[in-house]
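Student: When you line the sequence shown up against this note's numbering, it's residues 67 to 372, in that order. We put the CB at the ideal spot given by N, CA and C, even for glycine. All figures in this text were calculated on a predicted structure; none of them were measured in a lab. Please see the structure below; I have some questions.
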Amino acid sequence: MASRFSGACFGAVLAVTTHPMKLCRFRSPHSPWPAVGILREDATVLDLSSVGVVSLSSLLEIPDLTGRLASWVRSSLRPLELSAVTLLAPVERQEVWAAGVTYLRSKTARMEESDFSATAYDRVYDAARPEIFFKAAGSKVVGPGAAVGIRADATWNVPEPELALVINSRGELVGYTAGNDMSSRDIEGENLLYLPQAKVYRASCALGPCITVGVTEAEAREWTIAIRIERGGETVFRGETQASKIKRSFGELVGWLRRSQEFPEGAVLLTGTGVVPPNEFTLAAGDGIHIAISGVGELANTVAVV
Ligand code: DO4
Ligand code: MG
């Protein structure tokens, strides 16, 4: 059964359907070009290039997306084994933005790390306008299995596991993926004006492994966001939160993102972190980061100094 409705909130149009499906970008030995596919529970991928899908961003513009995907699933597309393809970040030329201090845990952690900017975090948590910052050009985003970066000039580095909202050019919230908003806490804590340097550098953003479509905001808010960090075969940090703890609605966040600007290719919006490792923890080269969002899947990356 598919239920569908749309509504406007802060200028954002939210299109929601039931019928979750997972979309991915991948490279296969059959083509030199990245392709878009449907990732299935049986660990196979349906290559949508055979039905004329040339890009993820154009696919996300289709009005009855889940209906169209269902019809392609019913047609006899040849499945590829997941093990035979390489998953790529599910983003093309879309800009990636990030909301911050959307969980109480994030506000508390930022206030601890900084002296004179503590009140800024305190205020933005309760302010009408959320913190939203530019995170990455789509072309710079790291995909599943690749290395995320820690800055060579930073001493306190952490991953930020976040639910990411995927919107199309009309501002419709069409899907969800898992994201890592890598951050240098020493740089951010030294002075709030250094935030772009703490957040935007080589390989500072990872997304994947897929985009789940056909899920309402209410359903996505029931998801769990978990992280595990491995070092030398041992788990050195594990944490978990719930998307329901995000203070603002997704419509509100998307609405603020779209104020006075357009996204002709669509955009991705990270929704903030609710898991912060203890203050004495910092990432090291070679660590493994596993971010799992129920409803999306696991995004796994290694860490490299960049
Ligand atoms: O204000 C600093 C960044 C906040 C952030 O990235 C988060 O809360 O996830
Ligand atoms: Mg963040």
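If you measure from each residue's Cβ to the nearest non-hydrogen atom of the ligand MG, which ones come out under 5 Å, in chain order?
Tutor: Those satisfying the condition are, in chain order, Glu226, Asp247, Thr339.
Student: Between the beta-carbon of Glu416 and the beta-carbon of Gly166, is there less than 7 Å?
Tutor: Given that the chain is displayed from residue 67 to residue 372, the structure contains no residue 416 and the question cannot be resolved.
Student: Checking 7 Å against the spacing of the C-beta atoms, do Gly280 and His96 come in under that value?
Tutor: As a first step, residue 280 is located in the sequence shown; it is residue number 214 there, counting from the start. As a first step, residue 96 is located in the sequence shown; it is residue number 30 there, counting from the start. Going by C-beta atoms, Gly280 is not nearer than 7 Å to His96.
Student: If we count Cβ pairs, one from each stretch, closer than 8 Å, do we get three or more for the stretch 171-179 versus the stretch 150-161?
Tutor: No: the two stretches stay apart, fewer than three of their Cβ pairs being nearer than 8 Å.
Student: So, with DSSP's three-state summary, where would you put Ser270?
Tutor: Translated into the one-based positions of the sequence shown, residue 270 becomes position 204. It is coil, neither helix nor strand.
Student: DSSP three-state call for Ser249: helix, strand or coil?
Tutor: Counted from its first residue, the sequence shown places residue 249 at position 183. Three-state DSSP puts Ser249 in a strand.
Student: Among the candidates Ile291, Glu238, Val266, Lys311, whose CA atom is the shortest distance from the CA of Gly317?
Tutor: Locating residue 317 in the sequence shown gives position 251, where the first residue counts as 1. If we check each option's Cα against that of Gly317, Glu238 comes out closest.
Student: Between which two residues does the alpha helix (DSSP H) containing Phe316 stretch?
Tutor: Locating residue 316 in the sequence shown gives position 250, counting from the first residue. That run of the alpha helix (DSSP H) goes 316-323.
Student: What number of angstroms, rounded off, separates the C-alpha of Asn223 from the C-alpha of Leu365?
Tutor: Counting from one through the sequence shown, the residue named residue 223 turns up at place 157. Counting from one through the sequence shown, the residue named residue 365 turns up at place 299. Near 18 Å, if we compare the C-alpha coordinates of Leu365 and Asn223.
Student: May I ask which residues mark the beginning and end of the beta strand (DSSP E) holding Asp113?
Tutor: Counting from 1 along the sequence shown, the entry for residue 113 is found at position 47. 110-113 is the extent of the beta strand (DSSP E) around Asp113.
Student: Tell me whether Pro275 sits in a helix, a strand or coil according to DSSP, three-state version.
Tutor: Walking along the sequence shown from the start, residue 275 turns up at place 209. Pro275: strand per DSSP, three-state reduction.
Student: Could you check if Gln160 is buried or exposed, using at least 16 other CB atoms within 10 Å of its CB as the buried criterion?
Tutor: For the purposes of this step, residue 160 is taken as residue 94 along the sequence shown, with counting starting at 1. Counting Cβ neighbours within 10 Å, Gln160 comes out buried, since at least 16 surround it.
Student: Any heavy atom of the ligand DO4 closer than 6 Å to the Cβ of Gly166?
Tutor: As a working mapping, residue 166 is identified with position 100 in the sequence shown. Gly166: yes, Cβ under 6 Å from the ligand DO4.
Student: Excluding five sequence neighbours on each side, which residues of the same chain lie with their C-beta closer than 6 Å to the C-beta of Gly204?
Tutor: As a first step, residue 204 is located in the sequence shown; it is residue number 138 there, counting from the start. Within the same chain, Gly204 has close Cβ partners Val157, Glu158, Arg159, Gln160.
Student: Provide the residue span of the alpha helix (DSSP H) that contains Arg189, from first to last.
Tutor: Along the sequence shown, read from residue 1 onward, the residue named residue 189 stands at position 123. Element bounds for Arg189: 184-192.
Student: Pull up the distance between the alpha-carbon of Met248 and that of Ala351, whole angstroms please.
Tutor: The residue given as residue 248 occupies position 182 in the sequence shown. The residue given as residue 351 occupies position 285 in the sequence shown. Between Met248 and Ala351, the C-alpha separation is close to 13 Å.
Student: Nearest to Val190 by CA position, among Gly338, Asn345, Arg297, is which residue?
Tutor: The residue you call residue 190 lines up with position 124 of the sequence shown. Comparing Cα positions, the closest option is Gly338.
Student: Which residue or residues does DSSP assign as beta-bridge partners of Val214?
Tutor: Taking the first residue of the sequence shown as 1, we reach residue 214 at position 148. Partner(s): Val369.
Student: Shortest alpha-carbon distance to Ala109 belongs to which of Thr221, Leu146, Gly215?
Tutor: Here residue 109 corresponds to residue number 43 of the sequence shown, with the count starting at 1. The candidate whose alpha carbon is nearest that of Ala109 is Leu146.
Student: Please state whether DSSP places Val139 in a helix, a strand or coil.
Tutor: Taking the first residue of the sequence shown as position 1, residue 139 is located at position 73. Helix.
Student: Using DSSP's beta-bridge definition, name the partner residues of Leu229.
Tutor: Indexing the sequence shown from 1 puts residue 229 at position 163. Paired residues: Ala244.
Student: Any heavy atom of the ligand DO4 closer than 6 Å to the CB of Ser172?
Tutor: Translated into positions along the sequence shown, residue 172 becomes position 106. Checking every heavy atom of the ligand DO4 against the Cβ of Ser172, one is found closer than 6 Å.
Student: Is there a Cβ from chain B that is less than 7 Å from the Cβ of Phe316?
Tutor: Structure shown: chain B not included; a single protein chain is present.
Student: Looking only at DSSP bridge pairs, what is Ile346 linked to?
Tutor: Mapped onto the sequence shown, residue 346 falls at position 280. The residue you asked about is not Ile; residue 346 is Glu in the sequence shown. Answer is none; Glu346 lacks a bridge partner.
Student: From Ala212 to Thr368, what does the alpha carbon distance come to, in whole angstroms?
Tutor: Start at 1 with the first residue of the sequence shown, and residue 212 comes out as number 146. Start at 1 with the first residue of the sequence shown, and residue 368 comes out as number 302. If I take the Cα positions, the gap works out to 6 Å.
Student: Distance check for Pro210 and Pro275, CA to CA, integer angstroms please.
Tutor: The residue you call residue 275 lines up with position 209 of the sequence shown. The residue you call residue 210 lines up with position 144 of the sequence shown. When rounded, the distance between both Cα atoms is 6 Å.
Student: Quick check: what's the CA-CA separation for Ile359 versus Val341?
Tutor: The count along the sequence shown starts at 1 and reaches residue 359 at position 293. The count along the sequence shown starts at 1 and reaches residue 341 at position 275. If I take the Cα positions, the gap works out to 13 Å.
Student: From the DSSP output, in three-state form, read off Gln308 for me.
Tutor: Translated into the one-based positions of the sequence shown, residue 308 becomes position 242. Strand at Gln308.
Student: Tell me, which residues are paired with Leu335 by DSSP?
Tutor: Taking the sequence shown and counting its residues from 1, one reaches residue 335 at position 269. DSSP output for Leu335 lists Trp163, Leu231 as bridge partner(s).
Student: Are the beta-carbon atoms of Val372 and Ala220 separated by less than 7 Å?
Tutor: By one-based count along the sequence shown, residue 372 stands at place 306. By one-based count along the sequence shown, residue 220 stands at place 154. Cβ atoms of Val372 and Ala220: not closer than 7 Å.
Student: Among all the DSSP beta bridges, which residues are the ones paired with Thr132?
Tutor: Stepping through the sequence shown from its first residue, residue 132 is reached at position 66. In DSSP, Thr132 forms no bridge with anything.
Student: Could you have a look at Thr174 and say whether DSSP puts it in helix, strand or coil?
Tutor: For the purposes of this step, residue 174 is taken as the residue at position 108 of the sequence shown. If DSSP states are grouped into helix, strand and coil, Thr174 belongs with the helices.
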